[in-house]
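Structure, as structure tokens:
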Amino acid sequence: MGKTALITGVTGQDGSYLAELLIAKEYTVHGLVRRSSSFNTERIDHLYQDPQQPGRTLVLHHADLSDGVALVNLLRDVRPDEVYNLGAQSHVRVSFDAPMYTGDITGLGTLRLLEAIRASGIDTRIYQASSSEMFGAAPPPQNEATPFHPRSPYGCAKVYSYWSTVNYREAYGMFAVNGILFNHESPRRGETFVTRKITRAVARIKAGLQDRLYLGNLDAVRDWGYAPEYVEAMWRMLQRDEPDDYVVATGVPATVRDFLHAAFAAGGLDWAEHVRFDPKYERPSEVDALIGDASKARDLLGWRPEVRWRELAGLMVRADIDALDAELSGARVRIDR
Ligand code: NDP
Ligand code: GDR
1 MGKTALITGV TGQDGSYLAE LLIAKEYTVH GLVRRSSSFN TERIDHLYQD PQQPGRTLVL
61 HHADLSDGVA LVNLLRDVRP DEVYNLGAQS HVRVSFDAPM YTGDITGLGT LRLLEAIRAS
121 GIDTRIYQAS SSEMFGAAPP PQNEATPFHP RSPYGCAKVY SYWSTVNYRE AYGMFAVNGI
181 LFNHESPRRG ETFVTRKITR AVARIKAGLQ DRLYLGNLDA VRDWGYAPEY VEAMWRMLQR
241 DEPDDYVVAT GVPATVRDFL HAAFAAGGLD WAEHVRFDPK YERPSEVDAL IGDASKARDL
301 LGWRPEVRWR ELAGLMVRAD IDALDAELSG ARVRIDR
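If you're matching positions, the sequence shown starts at 1 in UniProt numbering and goes up one per residue.
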């Protein structure tokens, strides 16, 4: 019998890659999906199986991180061997506009889940999606010993979740781990995060659908890795004998401007001709530089990143060009009909 996992945030970038990874490892994956007035399962539609089909490997449930009772009931029903808490209001800029909501879901949501595990009395392991945003203003390189100095409501909420996870490990002996992941991207990255916003714009500018791209601070330094590699690290953390916390990063820095340059060059374009500044994309307090030291993950998990930011920019641009081509040719077919 394979294992059973529950993923919150299964419809997000990481949730979709993690579901694929676990299904390939013969897990039965249960995903928590929040109710939306339009479809929000695009990233996992290729994994969808008819609910009537016996022996499904992906089962979706409606629930929400704001609803603690629903979490208890879900855990009692599913009785997962592993829980991955990836659900969150995950956008840093938006967290300044919706700080209370972000605190509720990204912060308290984790506590609700931890408490639901305790209340349901099941024996399980939990992975908490912690973030390099917790380091905030702490100078790079950052590792597991670097003190936190968050710079946004999102970062503060993640610090709350981090310590709640550590506390449940210490107080109740729970197998609870924090993966402190630095930025990781992919063709499935949300369209309003800076990398995807850029690579999508390259495709649209090349196709003549857009001319300008408005961005905020180009000087910020980030350590961008490739999401499918990062979900492998999450899984490895839960396979260890003892629970612990790990930084996951490439250790290679680049500015937003560097990424912009590489992505436009990959599309045969000059970014300076198209990019304009809009202060609305700046944050009231910015995180200037995040560069991770993932030596512990390398030594204890045997985890090593392969894809670096420049290659990532190229692969994301190609994926966006291909996706737009497919969309446009589909539209033409419909118009022809
Ligand atoms: P996404 O924004 O792509 O996905 C977030 C997921 O959370 C979505 O499935 C979303 O649902 C779900 N969600 C949002 N609100 C709720 C709610 N109230 N109840 C239940 N689910 C909810 O994020 P990523 O996949 O990029 O990141 C996964 C996790 O890792 C997040 O917690 C993020 O903060 C954290 N993280 C991400 C990093 C990165 O670089 N990607 C780095 C470090 C940490 P819906 O699809 O309906 O919006
Ligand atoms: P980040 O990612 O805040 O690091 O959080 P994002 O891609 O939003 O910003 C990266 C940097 O780019 C600058 N920037 C812009 N950002 C956006 N979104 N839009 C713009 O137009 C723009 N112009 C410049 C930002 O100021 C910032 O410095 C991501 C999220 O996935 C979090 O959930 C996760 O925890 C962290 O990464 C690690």
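For each residue, glycine too, the CB sits at the ideal point set by N, CA and C.
Any non-hydrogen atom of the ligand GDR closer than 7 Å to serine 131 Cβ: yes
Buried or exposed by the 16-neighbour rule on C-beta atoms within 10 Å, applied to proline 279: exposed
Element boundaries [alpha helix (DSSP H), containing residue 350]: This structure cannot settle anything about residue 350, because the visible part of the chain is limited to 1 through 337.
Residue burial classification, histidine 184 (beta-carbon count within 10 angstroms, cutoff 16): buried
Proximal residues to asparagine 40 (C-beta, below 6 Å), its chain only, five neighbours per side dropped: Thr11
Contact under 8 Å by Cβ, isoleucine 291 with aspartate 223: yes
Three-state class that DSSP yields for glutamine 13 in the structure shown: Secondary structure at glutamine 13: helix, using DSSP grouped into helix, strand and coil.
Whole-angstrom distance between serine 329 and aspartate 336, CA atom to CA atom: Note that aspartate 336 has pLDDT 39, beneath the 50 cutoff, so the model's placement of it is unreliable and the number below is only indicative. Cα-Cα distance, rounded: 10 Å.
Buried or exposed by the 16-neighbour rule on C-beta atoms within 10 Å, applied to lysine 158: buried
From Trp235, Asp219 and Arg276, residue whose alpha carbon lies closest to that of aspartate 245: Trp235
Integer Cβ distance of histidine 274 from isoleucine 205, believed to fall under 8 Å: 6 Å
Beta-bridge partners of aspartate 245, as assigned by DSSP: Partner(s): Asn178.
Distance between tyrosine 84 and alanine 176 (C-alpha atoms, nearest Å): 10 Å
Own chain residues within Cβ distance below 8 Å of alanine 220, not counting five before or after: Thr255, Val256, Glu286, Val287, Asp288 and Ala289
Near the ligand NDP: aspartate 64 beta-carbon under 7 Å from a heavy atom: Yes, the beta carbon of aspartate 64 sits closer than 7 Å to at least one heavy atom of the ligand NDP.
Residue(s) in a DSSP beta bridge with phenylalanine 277: According to the DSSP secondary-structure assignment, phenylalanine 277 is paired through a beta bridge with Leu215.
Closer than 7 Å: glutamine 13 CB and nearest the ligand NDP heavy atom: For glutamine 13, the Cβ falls inside the 7 Å cut-off from some heavy atom of the ligand NDP.
Between the CA atoms of leucine 108 and tyrosine 172 - distance to the nearest angstrom: 18 Å
CB of valine 202 within 8 Å of CB of valine 317, strictly: yes
Limits of the unbroken beta strand (DSSP E) element including asparagine 167: Premise fails: asparagine 167 lies in the alpha helix (DSSP H), 153-172, not in any beta strand (DSSP E).
Best match in Ala227, Thr250 and Ser120 for proximity to glycine 190 [C-alpha to C-alpha]: Minimum Cα distance to glycine 190 is reached at Ala227.
Close beta carbons around leucine 6, own chain, < 6 Å, minus the five adjacent residues each side: His30, Val78, Pro80 and Val83
Alpha helix (DSSP H) segment containing serine 95, residue limits: 92-97
Proximity test, arginine 34 beta-carbon vs the ligand NDP heavy atom, cut-off 7 Å: yes
Residue environment, glycine 121, which counts as buried when at least 16 other CB atoms sit within 10 Å: Exposed, by the Cβ-count rule.
Beta-carbon contacts of alanine 262 that lie in its chain and below 6 Å, excluding the five residues immediately before and after: Answer for alanine 262: Arg310 and Ala313, listed in chain order.
6 Å Cβ shell around proline 99 - same chain, five flanking residues per side excluded: Pro153
Lysine 25 Cβ short of 7 Å to the ligand GDR heavy atom set: Checking the Cβ of lysine 25 against the ligand GDR gives no.
Backbone secondary structure at leucine 32 - three-state DSSP: strand
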